[in-house]
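So the structure is just underneath, and the comments pick up after that.
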Amino acid sequence: MKCPFCGFEESKVIDSRPTDEGERIRRRRECLKCGKRFTTYEIIETVPVIVIKKDASRQPFDRNKLLNGFLRACEKRPISLDVLEGLVDEIESSLQNSMDREVTSLTIGNLAMEKLRNLDEVAYVRFASVYRDFKDINSFVEELDKMIKNK
């Protein structure tokens, strides 16, 4: 880190602590040449994940859209908001950790359905009905038959 006073490129860290939200780290440094102290902040650099929609349009990943979908699917179910936010965190984390900067909405939908299937079967069927665009009762019956066979 370059000293803002003398321009020397070496310094030592005197103190390091997280900021209020834990999103950044505040570091107090001391220049090894002039001895003056200064503060730096370190943050995690994130590259936005781009979602390729069904119509081939692209837009940045929006965790709120996924959370809202979960909330609708879990309406009147005994599932807390914290649990749903945890699922969204897990999905977002797996997207960030993958090497792909572009993912299809199909991939995100499948991850979401997998999480809901393990959490609550009713919420899963609700989410799947919207995500897979069920047209009639037969679509529901087919999905329920798959679930029963997999048990």
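Count along the sequence shown starting at 1, add 196, and that's the number in our numbering. In this text, a Cβ means the ideal position worked out from N, Cα and C, and glycines have one as well. Remember, predicted model here, so these are calculated numbers, not experimental data.
Delimiting residues of the alpha helix (DSSP H) encompassing residue i
i: I333; result: 333-346
First through last residue of the beta strand (DSSP E) which encompasses residue i
i: V243; result: Neither: V243 is in no beta strand (DSSP E) and is coded neither H nor E.
i: D211; result: 207-214
i: R254; result: 254-256
i: E298; result: 298-300
Whether residue i touches residue j by CB criterion (8 Å)
i: T235; j: R222; result: yes
i: L263; j: V245; result: no
i: I240; j: R224; result: no
i: S164; j: L312; result: This structure cannot settle anything about residue 164, because the visible part of the chain is limited to 197 through 347.
i: F330; j: F336; result: yes
i: E339; j: V321; result: yes
Three-state secondary structure (DSSP) of residue i
i: E226; result: strand
i: I275; result: coil
i: R259; result: helix
i: R313; result: helix
i: R322; result: helix
i: E281; result: helix
i: E288; result: helix
i: F204; result: coil
Anticipated Cβ contact below 8 Å, residue i with residue j, distance rounded
i: L315; j: I275; result: 7 Å
Among the options, the one whose alpha carbon lies nearest that of residue i
i: R268; options: L340, Y327, F204, E310; result: Y327
i: G265; options: S325, M197, M343; result: S325
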